[in-house]
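Numbering (my numbering), first residue to last: 71 to 754. Cβ coordinates follow ideal geometry from the N, Cα and C atoms, glycine included. Shown next, in structure tokens, is the structure this report addresses.
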């Protein structure tokens, strides 16, 4: 009998069974689809043949000047690649380190690691770092040159890795990987890498050396100890610890391992090479790698690279350097960098050619002397202090407890204007400017102009404790020749551009443009471009009477015609505080078309700095004691003049940009006009 108090529940079992059935059907369908796609891919896709892959990498990269004429062809440095024939040619530690760094389960997995794949999927979804490629998958990626960040590429890679594992012995796959891997420094394969880093055969690599090489493949440039010591140490430690955790070394062996010393970064690539274009080539390759075009990919594809280097300008730089170097001591280290204002295009780059494959002196951080002083002026202008302001330029003078002496002079030392201080290289006036504006603001102005914010991995233009001293106005804090050229290029128009060596990359088959490296300039000294241009224009005007522009514009000295507008400065950094000995000599200047910086320093056989000693030929007949500041400046002046004259002669003169006057602009006491070199300013 039915009881009205009884509660009747609806039957829900059937509904949930249908939901579960639909869910399982969907999952099953997806699984079948994946399995089907996997099977089709397994049948259709072919595993790259290691020998064919090696042959396909032997294409030259063609570097061209900005006008499209050929500069050089970069043939793979391994030449006819020396392949290892069996794993016995590679030391046990090198094999173990490779497995520890890349795929410890290589000999037991089926070509892919499911847990690793899940990690990679998560990393791609979240945008975090991480990956799950096995060593076999990495070989597939290396062999095909396909590094696209997509699930389709990853799926194909997994299929081919599984197929390769089924078709070839593990030792053969391992050998193929070691022959195909790119280790940086232009070295493909473990044989070339062992030579590039240690000058050894791969069978002679010890555990410490192996840990470094095995760690290189992940990031071939950043993990190089000659590029980034801290990053390289971190990566080396990781690989060494992985060797320990995978029982490839015991605790005692791990404790005995040390970060090894490598050869100079491109020592092996420079063997038998001559000419100053070596460093241009290396800067081009470095820039391409940072943009995602590895040397491996470029060689595989045989790409053509259009550089920013002006063929005629580069040849002028080479001839000017060679003419001066022929009569000078062999220990001089001279650099010239020419940058186009507004674009940042490096039009000429000379970093020494006496020791090809050696140090790039244009990148070397060196005290810039008074060539840093235009940025002192910029700091004042940013606060409204014009170039008509006067400062105490007396010498000697005590400032903050230290006594300073000038190497130059001012017409009225007690009231030395910015223009007079710049043209007379009156250090005490600039020290007093810096005291007034604040040394931190001078540093900020220099950074805004493009001086690198770091040097040797640490903040530049400051003390170890982070303080910025007033001697920033003396150019005591090291910067590079590239920095000064870039900063002066900024002064030409008030816009900061990133220096670059690459114009575009072209497809080898179609000639189509794959990438354009042009960059947009940024307002330097203010968020408002017009205000930044006004500041730069006033700084430029303060430099119009400086030493290099006088020499350049004086026809009697072989300079340009007098109507050519030029601004610049020259300076020295003293050796051991002695005004009679030069540590580094500089000449830097610019026109609206080009900014050029030239530096010279000297070192002994161990690389330790020495006084710059040049011959009287650099003084144009004026006698001077060897190593003097005047002689050092004269040396860089002559190179600078020769370059500027030849570069600008075929180009029509251009006026500097018009500008609005800032603050006190008028000169309190008229300065003597240096010949006919000076032009009237072009205020707006």
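How many Å lie between residue 178 and residue 226 at the Cα? 21 Å
Since residue 512 contacts residue 543 with CB under 8 Å, what's their CB separation in whole angstroms? 7 Å
Between which two residues does the alpha helix (DSSP H) containing residue 510 stretch? 509-519
Beta strand (DSSP E) segments (min. 3 residues) lying fully within the segment 433-489: 467-469 and 472-474
From 333, 561 and 311, pick the residue whose C-alpha is nearest to that of residue 323; which is it? 311
Return the CA-CA distance between residue 500 and residue 460, expressed in angstroms with no decimal places. 10 Å
Do you know whose CA, among 491, 574, 236 and 505, lies nearest residue 469's CA? 505
Contact defined as beta carbons within less than 8 Å: I believe residue 441 pairs with residue 415. What is the distance between those atoms, to the nearest angstrom? At roughly 21 Å, the Cβ-Cβ gap does not stay under 8 Å, so residue 441 and residue 415 are not in contact.
Is DSSP giving residue 734 helix, strand or coil here? coil
Rounded to whole angstroms, what's the CA-CA distance from residue 265 to residue 328? Just pull it up for me. 19 Å
Member of 206, 242 and 249 whose CA lies at the smallest distance from the CA of residue 230: If we check each option's Cα against that of residue 230, 206 comes out closest.
What residues match up with residue 252 in a beta bridge as DSSP calls it? Residue 252 pairs with 258.
Spatially closest choice to residue 449 from 156, 490, 594 and 308, by CA coordinates: 594
Would DSSP call residue 213 helix, strand or coil? helix
Is residue 522 closer than 7 Å to residue 553 when the C-beta atoms are compared? A contact, by the Cβ cut-off of 7 Å.
Tell me, to the nearest whole angstrom, how far the beta carbon of residue 160 is from that of residue 290; I am working on the premise that it is less than 8 Å. In fact, because the Cβ distance is near 19 Å, the residues do not count as touching under 8 Å.
Distance, Cα to Cα, residue 171 vs residue 279? 13 Å
Can you look up residue 657 in the DSSP assignment and give me helix, strand or coil? strand
Answer yes if the segment 365-380 comes into contact with the segment 294-308, meaning at least three C-beta pairs across the two stretches below 8 Å, and no otherwise. no
Near residue 317, which residues of its chain fall below 7 Å by C-beta distance, leaving aside the five closest residues on each side in sequence? Nothing meets the Cβ criterion.
Expected contact under 8 Å - CB spacing of residue 784 and residue 588 to nearest Å: No statement about residue 784 is possible, as the shown extent of the chain runs from 71 to 754 and does not include it.
Determine which residues share a DSSP beta bridge with residue 377 and list them. 572
Span of the beta strand (DSSP E), counted from its first residue to its last, around residue 140: It spans 140-144 - the beta strand (DSSP E) in which residue 140 sits, taken as one unbroken run.
What residue range does the alpha helix (DSSP H) around residue 309 cover? Under the DSSP assignment, residue 309 falls in the alpha helix (DSSP H) whose first and last residues are 299-315.
Among 529, 402 and 296, whose alpha-carbon lies nearest the alpha-carbon of residue 670? 402
So for residue 204, helix, strand or coil by DSSP? coil
Taking only the alpha-carbon atoms, compute the straight-line gap between residue 514 and residue 539 and give it to the nearest angstrom. 13 Å
Let me check one thing: in DSSP terms, what residues is residue 586 bridge-paired to? 574
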